[in-house]
Amino acid sequence: MWEAVSTFVRDHESFVVTTHINPEADAIGSEVAFAAFLEGQGKKVTIVNSSATPLDCLFLDGADRIVVYGDDFDQRILDDADAVVIVDVNNWDHLGPFGEELKKRTTPRACIDHHEEADDGFAEVIVCDTKAAAAGLLVYDFIKFMKAEITPVIADAVYTAILTDTGSFRFSNTDQRAFLAAADLCSLGVNPFAIYRKVYAKSWGASHLVGAALSTLDKNSDGRIAWIYITQKMLADNGAVYEDSDGLVEQVRGIEGVELCLIFKELSDGQVKVSLRSNGKVNAFEIAKSFGGGGHRMASGMRLDGPMADAIKKLVPVCEDRLPSL
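Shown next as structure tokens:
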């Protein structure tokens, strides 16, 4: 499946690499690894994202090379590029403002992703493997296909992508393929403990936020749906930042009897971002898709209009309708 991507890389010289809004470690790791691979092939590369790099991923961008798209964006970056590579996203809505800029241009695009249902016309070349545990695993597969060197930068970035998107090798997407890649990366010098500390180290504010978020824990009548929420005030009161809420939904996922868990996060613009996690019997992707979101069967997300109480009141009944009969 990699021949078309190989040809795409061979036929172009100056690349822009990008990913979805509000990127996490799989997104950042995938694009950092792919950019490093391209540079190893003698290509010119710039990484441009719609959102800033989250705090837990700053170590992957040690050279501070990721450009954040904004009003002061240097259009010459795109003018000089003859190709765009998009990782860990396959639809325009989730590319954010930079995606709107790309839409205006005819620059050829390639996409490497593991989510459901790519938008029509999203890219000229698309590799979408929904069985891959992480987009970073696909980047790893491609680099191996190309018989290119896996440098320390690539190894750390890909390992971080796989580690986080499998929930430290706990989620249902964890499989032999992910373990074999991780083992290979460790043989190349990856230090799992060092990366774990960099990704999962928490500030005092983040630790206090856990307690505040869990104090909002609620459930539907039969306890098969559970949710928590985080407001901007909760972040401020606890000295936390938005990124500190990442992963909190997993605190709810393990509750006995819960089939679907949700975390509602109030954004600075008043919208509410929702992450859904299924324990197997509910298709989280289908729920998110009905609200313009996306993701996977077991883990998906979307945005709703606020205020928080309205978002919860709107979504929970829809989720209840998707529960299987007892």
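For reference, each letter of the sequence shown is one residue, going 1 to 326 in my numbering.
Ideal placement from N, C-alpha and C gives every residue a C-beta, glycine not left out.
Being a predicted model, the structure only gives us computed values, none of them experimental.
Query: CB-CB length for Thr328 against Ala36, believed under 8 Å; Result: No statement about residue 328 is possible, as the shown extent of the chain runs from 1 to 326 and does not include it.
Query: Residue nearest to Ala183 in terms of C-alpha spacing, selected from Asp165, Val158, Lys202; Result: Val158
Query: Stretch-stretch touch, CB-based, cutoff 8 Å, three pairs: the stretch 45 to 60 with the stretch 196 to 211; Result: yes
Query: Paired residues, beta bridge with Met302 - DSSP; Result: Val274
Query: Nearest neighbour of Val153, chosen from Arg76, Gly40, Glu250 [CA to CA]; Result: Gly40
Query: Ser14 - DSSP class collapsed to helix/strand/coil; Result: strand
Query: Residue(s) in a DSSP beta bridge with Gly254; Result: In DSSP, Gly254 forms no bridge with anything.
Query: Continuous alpha helix (DSSP H) stretch holding Cys261: start and end; Result: No alpha helix (DSSP H) contains Cys261, which is instead part of the beta strand (DSSP E) from 260 to 266.
Query: According to DSSP, residues forming a beta bridge with Cys186; Result: According to DSSP, which records beta bridges pairwise, Cys186 is partnered with nothing at all.
Query: Candidates Thr107, Pro108, Arg109, Ile126, of which the one nearest Glu116 by Cα; Result: Ile126
Query: Spatially closest choice to Asp26 from Gly136, Ile225, Gly270, Val316, by CA coordinates; Result: Gly136
Query: Segment contact flag, the stretch 231 to 238 with the stretch 200 to 219, C-beta cutoff 8 Å, min 3 pairs; Result: yes
Query: Distance CB(Val282)-CB(Leu260) smaller than 8 Å; Result: yes
Query: Coil, strand or helix - Trp227 by DSSP; Result: strand
Query: Uninterrupted alpha helix (DSSP H) stretches inside the stretch 144 to 204 (no shorter than 4 residues); Result: 152 to 165, 176 to 187, 192 to 200
Query: Host beta strand (DSSP E) of Ile86 (start-end); Result: 83 to 87
Query: Unbroken alpha helix (DSSP H) run spanning Leu236, endpoints; Result: In the sequence as displayed, the identity of residue 236 is Ala instead of Leu. Here the alpha helix (DSSP H) through Ala236 covers 232 to 237.
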